[in-house]
């Protein structure tokens with residue numbers, strides 16, 4: 024791996040969808056760098072400190088959320104003199120996102136009073152009253168034709184289906200939730216999954232016309248759903264719960280076909296590969312490995328599918344320094360990664376079965392089906408607190424508290440034969 028030098032950052036950073044650029048917030052400035060030369064190709068000055076940035080899907084535009092103002096500014100890479108400013112006045116702006124056509128911006132006002140669709144092509148705007156959440160509760164179909172927007176009125180949750188061409192409401196239907204948490208279209212756009220707040224275990228599958236296809240409830244008492252995620256192939260739906268179990272449903276019958284428990288002890292004989300980070304190479308007795316170390320409990324559930332849908336990694340928040348990698352094809356636990364420090368991020372390569380992990384240390388941890396290895400960052404006092412892949416899997420973004428660097432990553436051979444010496 025080859026690393027760049029460290030560059031300054033003071034906030035959000037992200038790759039463009041076409042993998043050609045990386046946008047970096049430096050106080051009031053938005054710096055756009057080329058991902059090959061890392062030279063600055065554009066520099067935009069905002070009116071306040073940048074809280075959030077997001078690229079348009081076509082990588083031609085980028086928006087900056089200035090939530091202290093509150094205000095949105097958008098910029099064009101092709102036309103640097105062009106700019107757009109969105110100000111909702113007293114209503115405020117809690118969140119902003121791009122539409123799939125890259126020519127509309129959706130903003131949510133403070134207190135979820137309304138969601139507004141702003142056009143970059145003309146001055147037209149469309150309002151949707153009472154969105155359920157500021158940042159969650161909005162999902163687009165993969166073909167970019169429709170949007171599902173969660174709203175709440177009269178103590179009832181609803182799904183509003185909008186056309187992303189005309190932004191007209193195509194349909195509205197009530198959903199059987201007490202306090203809707205989030206929603207997401209299936210990868211094939213044939214169904215919408217909705218899950219309730221942690222106080223009520225309920226996962227609902229709806230058709231776009233509002234029919235409830237399936238209601239899933241693993242248990243009734245206790246806290247319920249923590250996270251939900253479709254596999255990239257669309258055949259599986261993973262549900263992480265507060266009972267420390269991962270359940271996987273199939274898309275044909277919506278029945279559970281796999282249940283994985285995060286056990287605190289792994290005993291031999293076991294076919295699971297266990298990799299443990301240690302200060303010095305020691306002879307470790309893995310016949311009975313206790314994983315229930317005393318760490319502070321995490322705030323969110325980490326659950327992520329590999330790009331080929333064959334593996335899913337999870338972090339049980341009661342054991343934040345442990346990463347579990349499950350083999351969906353064989354319905355078994357493939358690997359356990361035991362880190363010294365709590366796991367900050369675990370991200371799959373978008374092009375192959377390779378997982379990269381960071382823990383706030385100066386090391387980068389990688390896993391493939393062939394094994395696991397560690398890479399030291401050749402920068403002084405650089406601790407990786409977050410990481411991201413670009414879309415073609417050729418470059419890794421590594422973030423420190425006040426700086427960042429990038430690493431050029433070799434393409435993984437199809438045989439996945441990868442050694443720690445590479």
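In this note's numbering, the protein residues as written are 24 to 445. Ideal Cβ placement from N, Cα and C applies to all residues, glycine included. Fair warning: this is a prediction, and the values are worked out from it, not measured in the lab.
Check, Outcome
"When you compare the CB positions of residue 202 and residue 222, do they come within less than 9 Å of one another, or not?", "yes"
"Alpha carbons only, please: which of 387, 378, 408 is nearest the one belonging to residue 11?", "Residue numbering for the chain in the displayed model covers 24 to 445; residue 11 lies beyond these limits and cannot be assessed."
"Could you tell me which of 173, 230, 225, 124 sits nearest to residue 215, measuring between CA atoms?", "230"
"Assuming contact is defined by CB atoms lying nearer than 9 Å, are residue 243 and residue 265 in contact in what I supplied?", "no"
"Given 8 Å as the limit, is there contact between the segment 249-263 and the segment 284-302, that is, 3 or more CB pairs closer than that?", "no"
"When we look at the beta-carbon of residue 392 and count the other beta-carbons within 10 Å, is it buried (16 or more) or exposed?", "buried"
"Is the segment 273-284 in contact with the segment 362-378, if contact means three or more CB pairs nearer than 8 Å?", "no"
"Let me know if residue 280 comes out buried or exposed under the rule of 16 or more other beta-carbons within 10 Å of its beta-carbon.", "exposed"
"When DSSP labels each residue in this structure, what does residue 112 get in the three-state scheme?", "helix"
"Hey, out of 413, 268, 228, whose CA is closest to residue 241's CA?", "268"
"If you count every other CB in all the chains shown that lies within 10 Å of the CB of residue 145, and 16 or more means buried, which is it?", "exposed"
"So what's residue 319 in DSSP terms, helix, strand or just coil?", "With a pLDDT of 39 at residue 319, under the threshold of 50, the predicted position of this residue should be treated as unreliable, though the coordinate-derived value follows. Residue 319 falls in the coil class under three-state DSSP."
"Excluding the 5 residues flanking residue 296 on each side, which residues of the same chain have their C-beta closer than 6 Å to its C-beta?", "358"
"Buried or exposed: residue 154, going by 16 or more other Cβ atoms within 10 Å of its Cβ?", "buried"
"Would you identify the three-state DSSP class for residue 429, choosing helix, strand or coil?", "strand"
"Quick one: which unbroken beta strand (DSSP E) runs of 3-plus residues sit fully inside the segment 154-221? Chain order, please.", "161-163, 169-176, 179-186, 192-197, 203-208, 215-219"
"Are residue 385 and residue 360 close, meaning C-beta to C-beta below 9 Å?", "no"
"To the nearest angstrom, how far is the alpha carbon of residue 173 from that of residue 135?", "11 Å"
"Taking 9 Å as the threshold (C-beta atoms), are residue 85 and residue 98 in contact?", "yes"
"Rounded to a whole number of angstroms, what is the C-alpha to C-alpha distance between residue 394 and residue 348?", "12 Å"
"Helix, strand or coil for residue 43 per DSSP?", "coil"
"Using the Cβ count rule (16 or more neighbours within 10 Å means buried), how would you classify residue 367?", "buried"
"Locate the beta strand (DSSP E) running through residue 275, then write down its first and last residues.", "Residue 275 -> no beta strand (DSSP E), and no H or E assigned at all."
"Where residue 399 and residue 416 are concerned, what is the direct C-alpha to C-alpha distance, given to the nearest angstrom?", "20 Å"
"Let's see if you can read the secondary structure: which residues bound the beta strand (DSSP E) around residue 338?", "334-338"
"Could you pull the DSSP bridge partners for residue 350 from this structure?", "334, 355"
"Does the distance from the C-beta atom of residue 204 to that of residue 161 stay below 9 Å?", "no"
"I'd like the list of long-range same chain contacts for residue 460, defined as Cβ closer than 7 Å, with 5 residues on each side in sequence excluded.", "Within the shown structure, residues of the chain are numbered from 24 to 445, placing residue 460 beyond reach of any answer."
"Can you list, in chain order, the residues of its chain with a C-beta nearer than 6 Å to that of residue 74? Leave out the 5 residues immediately preceding and following it.", "88, 90"
"Figure out for me which residue from 346, 423, 396 has the closest Cα to the Cα of residue 383.", "423"
"Measuring alpha carbon to alpha carbon, tell me which residue in 28, 340, 334 is nearest residue 356.", "334"
"For a test of the three-state rule: what should DSSP assign to residue 152, helix, strand or coil?", "strand"
"Between the Cα of residue 117 and those of 346, 139, 164, spot the shortest distance and give me the residue it belongs to.", "139"
"Between the beta-carbon of residue 32 and the beta-carbon of residue 67, is there less than 9 Å?", "no"
"Note down, in chain order, each residue of its chain lying with its Cβ closer than 8 Å to the Cβ of residue 344, except the 5 sequence neighbours on either side.", "316, 318, 361, 362, 363, 364, 365, 366, 382"
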